[in-house]
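Only one structure is covered here, and it is reproduced in the block below.
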Amino acid sequence: MYSPDFSHYHFTVAERFLRYVQINTQADPFSSATPSTPGQKDLGRLLLDELHQMGLEAEMDAYGYVYATLPSNQTHPVPVICFCAHMDTSPDCSGEGVKPIVHRNYQGEDLVLPDDPAQIIRMEDFPELQQQIGNDIITASGTTLLGADDKSGIAIIMDALHYWISHPEQPHGEIRILFTVDEEIGRGVDHVDLQKLRADVAYTLDGESAGHLEDENFCADQVVVQIHGISAHTGYACGKMVNAMKLAAAVIDNLPGELSPEATSGKQGFIHPLHIEGNVETTTIHFLIRHFEENGLKAYEQLLEGLVKQQVNRFPGAKYEWKCQEQYRNMKYVLDQHPEVVRYAEEAIRRAGLQPVHHAIRGGTDGARLSFMSLPCPNLFTGQHAFHSKKEWISIQDMQKAVQTLVHLAEIWATR
Ligand SMILES: [Zn+2]
Numbered sequence: 160m161y162s163p164d165f166s167h168y169h170f171t172v173a174e175r176f177l178r179y180v181q182i183n184t185q186a187d188p189f190s191s192a193t194p195s196t197p198g199q200k201d202l203g204r205l206l207l208d209e210l211h212q213m214g215l216e217a218e219m220d221a222y223g224y225v226y227a228t229l230p231s232n233q234t235h236p237v238p239v240i241c242f243c244a245h246m247d248t249s250p251d252c253s254g255e256g257v258k259p260i261v262h263r264n265y266q267g268e269d270l271v272l273p274d275d276p277a278q279i280i281r282m283e284d285f286p287e288l289q290q291q292i293g294n295d296i297i298t299a300s301g302t303t304l305l306g307a308d309d310k311s312g313i314a315i316i317m318d319a320l321h322y323w324i325s326h327p328e329q330p331h332g333e334i335r336i337l338f339t340v341d342e343e344i345g346r347g348v349d350h351v352d353l354q355k356l357r358a359d360v361a362y363t364l365d366g367e368s369a370g371h372l373e374d375e376n377f378c379a380d381q382v383v384v385q386i387h388g389i390s391a392h393t394g395y396a397c398g399k400m401v402n403a404m405k406l407a408a409a410v411i412d413n414l415p416g417e418l419s420p421e422a423t424s425g426k427q428g429f430i431h432p433l434h435i436e437g438n439v440e441t442t443t444i445h446f447l448i449r450h451f452e453e454n455g456l457k458a459y460e461q462l463l464e465g466l467v468k469q470q471v472n473r474f475p476g477a478k479y480e481w482k483c484q485e486q487y488r489n490m491k492y493v494l495d496q497h498p499e500v501v502r503y504a505e506e507a508i509r510r511a512g513l514q515p516v517h518h519a520i521r522g523g524t525d526g527a528r529l530s531f532m533s534l535p536c537p538n539l540f541t542g543q544h545a546f547h548s549k550k551e552w553i554s555i556q557d558m559q560k561a562v563q564t565l566v567h568l569a570e571i572w573a574t575r
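In our numbering, the protein residues as written are 160 to 575.
This is how it looks when you write it as structure tokens:
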């Protein structure tokens with residue numbers, strides 16, 4: 160039987176969230192330190208205090224990662240679940256002096272952010288707001304991001320812990336908590352100690368709309384094509400010179416326009432020239448190749464190499480070099496081997512009263528990297544919207560739904 164009763168529960172997710180967003184944890188891509196900015200450890204220390212106050216075992220390591228444990232309250236063995244969120248915020252938008260504002264009982268009105276009245280959150284720009292009538296929306300004040308990405312994930316996990324501790328009858332196995340640093344600059348799991356974590360499965364809390372479940376992401380390669388031409392004195396180049404820049408330009412010009420990031424969405428992939436530099440003799444192009452399937456990725460690479468050959472073959476003496484580097488792979492390949500990880504998450508979302516919506520991420524995630532480090536890890540919703548911008552918003556009710564989802568999810572794992 161399951162029936163966690165949330166009707167009398169005083170959720171703590173909103174008050175926690177409002178506290179966490181006021182600590183500046185903006186990541187810095189130009190720093191080589193870990194964490195890249197000291198504020199991330201300030202938040203880590205606050206979380207450590209709150210975890211200790213709840214009576215939990217918790218530690219912060221030298222990199223700023225916070226690990227904590229909620230012991231199992233079951234007598235039979237239950238797989239160890241990790242819930243994971245990141246403490247840093249995006250470098251794309253200021254995180255200094257965030258002033259969160261709660262807009263109670265939203266009725267569809269424009270949300271004007273007072274510190275810069277030009278920043279207006281309108282329903283026509285964010286159709287997801289149609290589902291938020293009557294809810295309480297939190298925004299920033301107009302000059303900074305809010306930091307719901309991903310402090311909502313942290314607040315949700317902390318409130319779920321608070322629920323379990325105040326409801327010892329609610330069944331769960333051992334829960335491991337991981338709060339990471341520098342996710343926004345691609346270093347989120349660089350220093351994760353999987354031995355220390357010793358979890359069987361993990362869920363990141365970093366997804367968007369209520370009910371969303373992200374269990375797919377791109378397969379990604381980087382291809383570097385170096386085109387070698389033949390240099391000659393321009394006055395005497397007739398019949399001799401082969402201009403590598405012109406060959407490179409022809410390759411790019413012949414890319415199929417429908418396979419570009421600017422022309423694709425949903426489950427389509429692309430071939431994207433990211434960077435070009437060179438001269439007459441040598442020109443180098445960096446391409447990003449993206450597709451949800453590995454064989455699709457390989458097909459795009461063959462297509463691209465065919466275009467390169469075609470141009471190079473037009474000029475005797477011209478040559479090319481091809482380097483293909485794997486970046487990351489679709490977590491679905493790992494999750495398909497552990498179907499219960501996603502199935503239980505769907506069930507938990509349903510028990511929280513929501514419709515699960517599968518979503519494919521057009522990029523990579525920390526969860527994808529963890530999945531290929533042998534820790535299957537889909538991404539669950541937190542309710543965050545318009546992340547990395549001054550118009551970031553989230554509703555308190557959606558965060559509460561995510562707390563409920565975690566409580567249900569742990570029960571499903573404990574009683575399956
Ligand atoms: Zn995030």
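Every residue gets a Cβ at the ideal spot worked out from N, C-alpha and C, and that includes glycine.
Here the structure is a predicted model, which means the values were calculated and not measured.
Residue from the options with nearest C-alpha to residue i
i: G214; options: Y222, P230, A221, D201; result: P230
i: I315; options: E174, D349, T574; result: E174
i: I260; options: P273, G267, G476; result: P273
i: E506; options: G370, Y224, S191, S166; result: G370
i: F285; options: D269, G293, A186, D295; result: D269
i: L529; options: I555, T442, T339, K457; result: T339
i: G345; options: I411, S548, L565, P188; result: P188
i: Y492; options: L356, P535, E367; result: P535
i: H167; options: Q563, A573, L568, I571; result: Q563
i: F377; options: K549, S424, G312, H544; result: S424
i: V501; options: G301, A408, L568; result: L568
i: E328; options: Q514, L494, D525, P163; result: P163
i: T298; options: D275, D208, L320; result: D275
i: H544; options: S311, Y265, M219; result: S311
Alpha helix (DSSP H) segment containing residue i, residue limits
i: F531; result: 525-531
i: T564; result: 555-574
i: P259; result: Neither: P259 is in no alpha helix (DSSP H) and is coded neither H nor E.
i: V383; result: Note, V383: premise wrong, no alpha helix (DSSP H); beta strand (DSSP E) at 378-387.
i: V180; result: Careful: V180 lies outside any alpha helix (DSSP H) and carries neither H nor E.
i: I141; result: It is not possible to answer for residue 141, since the shown part of the chain is limited to 160 through 575.
Delimiting residues of the beta strand (DSSP E) encompassing residue i
i: F242; result: 240-245
i: P197; result: No beta strand (DSSP E) holds P197; DSSP gives it neither H nor E.
i: G365; result: According to the sequence as given, residue 365 is Asp; it is not Gly. That run of the beta strand (DSSP E) goes 360-366.
i: L539; result: 538-540
i: A519; result: 516-520
For residue i, the three-state DSSP class (helix, strand or coil)
i: D308; result: helix
i: M160; result: In this prediction, M160 has a pLDDT of 49, which is less than 50 and means its spatial position is unreliable; nothing more can be read from the coordinates.
i: D274; result: coil
i: F474; result: coil
i: Y222; result: coil
i: R346; result: coil
i: R175; result: helix
i: R510; result: helix
i: E268; result: coil
i: N454; result: helix
i: D374; result: strand
i: K491; result: helix
i: L414; result: coil
i: K426; result: coil
Heavy atom of ligand 3 within 7 Å of residue i beta-carbon
i: D341; result: Of the ligands one can find in the structure shown, namely ligand 1, none is ligand 3.
Notebook entry, point to check: Is the number of C-beta pairs between the segment 199-216 and the segment 344-352 that are closer than 8 Å three or more?
Noted result: no
Check: Do three or more CB pairs link the segment 362-369 to the segment 229-249 at distances below 8 Å?
Finding: yes
Check: Counting Cβ pairs, one atom from each stretch, are 3 or more of them under 8 Å apart for the segment 377-390 and the segment 479-486?
Finding: yes
Check: Between the segment 399-406 and the segment 432-447, do three or more beta carbon pairs fall short of 8 Å?
Finding: yes
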